[in-house]
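Visitor: Numbering (my numbering), first residue to last: 7 to 234. Backbone N, C-alpha and C fix where the C-beta goes; we use that ideal spot for every residue, glycine too. Since the model is a prediction, treat every value here as computed from it, not as a measurement. I have a structure here, written as structure tokens, and I will follow up with some questions on it.
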Amino acid sequence: MTCSAPIPAVIIGATGGIGAALAEALEQQGQIVLRLGRRSTPALDLLDEASIARAAAEIGPGLRLVVDATGLLHDAQLQPEKSLRQLDPAHLARSFAINATGPALLMKHFLPLLAREGRSVFATLSARVGSIGDNRLGGWVSYRASKAALNQILRTAAIEVARGRPEAICVALHPGTVETSLSSPFAKAGLEVQSPEQSAARLLAVMAALTSAQTGLFFDHHGKPIPF
Ligand SMILES: NC(=O)c1ccc[n+]([C@@H]2O[C@H](COP(=O)([O-])OP(=O)(O)OC[C@H]3O[C@@H](n4cnc5c(N)ncnc54)[C@H](OP(=O)(O)O)[C@@H]3O)[C@@H](O)[C@H]2O)c1
Numbered sequence: 007m008t009c010s011a012p013i014p015a016v017i018i019g020a021t022g023g024i025g026a027a028l029a030e031a032l033e034q035q036g037q038i039v040l041r042l043g044r045r046s047t048p049a050l051d052l053l054d055e056a057s058i059a060r061a062a063a064e065i066g067p068g069l070r071l072v073v074d075a076t077g078l079l080h081d082a083q084l085q086p087e088k089s090l091r092q093l094d095p096a097h098l099a100r101s102f103a104i105n106a107t108g109p110a111l112l113m114k115h116f117l118p119l120l121a122r123e124g125r126s127v128f129a130t131l132s133a134r135v136g137s138i139g140d141n142r143l144g145g146w147v148s149y150r151a152s153k154a155a156l157n158q159i160l161r162t163a164a165i166e167v168a169r170g171r172p173e174a175i176c177v178a179l180h181p182g183t184v185e186t187s188l189s190s191p192f193a194k195a196g197l198e199v200q201s202p203e204q205s206a207a208r209l210l211a212v213m214a215a216l217t218s219a220q221t222g223l224f225f226d227h228h229g230k231p232i233p234f
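This is the structure:
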């Protein structure tokens, strides 16, 4: 980026329900947004570190806002486990690859791009079910465990970032239950289900209000801390 170019906000996973709504809401605020994903230019695939490194190199330093809105709960091969009997090593490995290792690589390549001076935010979309302290229901082992790993990776990265960028804020965020293709097969009566637009607006408000004292923590879409 040149000094005179506007600084873009970067949304990774911008084809997803929440990622797209975040990108649109930021654009409505007049922000330039770089939407990254497997089909963007440059393309970024969580399973291909070279693609992450290329995208980061192309964007360059000085960023103020990077949101990782990627994630996986189910696909054609993979359904969340209801019981330990359903545990499958391939399912565990795939969940970790997308929900933990991929975001760790995003942190490796994108956190060094945060502005050296002044406030900046890196947020990764985690999930309340990744909280160990909050786990009362069991089930969904692969998703829960991979999000718990993501939270630990985020926390560790935040400590390192704070040494060189004391005003940077790195957080894990729970978006609430949001009507997207990730959650729709698991909708339950009684749960507040938000539209992606509602969730995006709340997440942006949370990110705008965070201070550097809150780096390394996990918050819900109301800004309430969630225990790790
Ligand atoms: N929806 C909810 O109720 C809810 C609740 C709690 C937490 N969350 C979390 O919020 C985040 C966003 O969820 P969502 O509901 O918006 O899900 P979504 O609509 O399924 O979006 C998932 C995003 O992840 C991207 N992605 C998946 N695999 C990828 C890969 N290998 N490389 C690059 N990108 C990849 C998808 O890209 P493609 O379009 O290329 O597949 C898509 O942009 C996730 O971390 C999820 O766990 C959601």
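Measure how close the beta-carbons of LEU50 and ALA61 come, nearest whole angstrom, since I'm counting them as under 8 Å.
Guide: Yes, LEU50 and ALA61 are in contact; Cβ-Cβ is about 4 Å, under 8 Å.
Visitor: Which residue or residues does DSSP assign as beta-bridge partners of ASP74?
Guide: According to DSSP, which records beta bridges pairwise, ASP74 is partnered with ILE18 and THR130.
Visitor: Indicate the three-state DSSP secondary structure (helix, strand or coil) for LEU117 in the structure shown.
Guide: Of the three classes helix, strand and coil, the one that applies to LEU117 here is helix, per DSSP.
Visitor: Please list the terminal residues of the continuous alpha helix (DSSP H) segment that includes ILE24.
Guide: It spans 23–34 - the alpha helix (DSSP H) in which ILE24 sits, taken as one unbroken run.
Visitor: Can you tell which of GLY139, GLY229 and LYS114 has the C-alpha that lies nearest to the C-alpha of PRO181?
Guide: The option with the nearest alpha carbon to PRO181 is GLY229.
Visitor: Below 8 Å on the Cβ atoms is my contact criterion, and I expect LEU53 with GLY108 to pass it. Report the Cβ-Cβ distance as a whole number of Å.
Guide: About 7 Å separates the two Cβ atoms, so the contact holds.
Visitor: Spatial neighbours of ALA103 within its chain, please: CB distance less than 8 Å, with the 5 preceding and 5 following residues excluded, ordered by chain position.
Guide: These residues qualify, in order along the chain: LEU52 and LEU53.
Visitor: Evaluate the contact criterion for the region 157–176 versus the region 184–198: three or more CB pairs, one atom per stretch, below 8 Å.
Guide: Not touching, per the Cβ criterion.
Visitor: Using a threshold of 9 Å, state whether the C-beta atoms of ALA20 and GLY43 are closer than that.
Guide: It is a contact, given that the beta carbons lie within the stated cut-off.
Visitor: Below 7 Å CB to CB, which residues in the same chain sit around ALA121 once its five sequence neighbours on both sides are set aside?
Guide: Excluding sequence neighbours, ALA121 sits near GLY68, LEU69 and ARG70.
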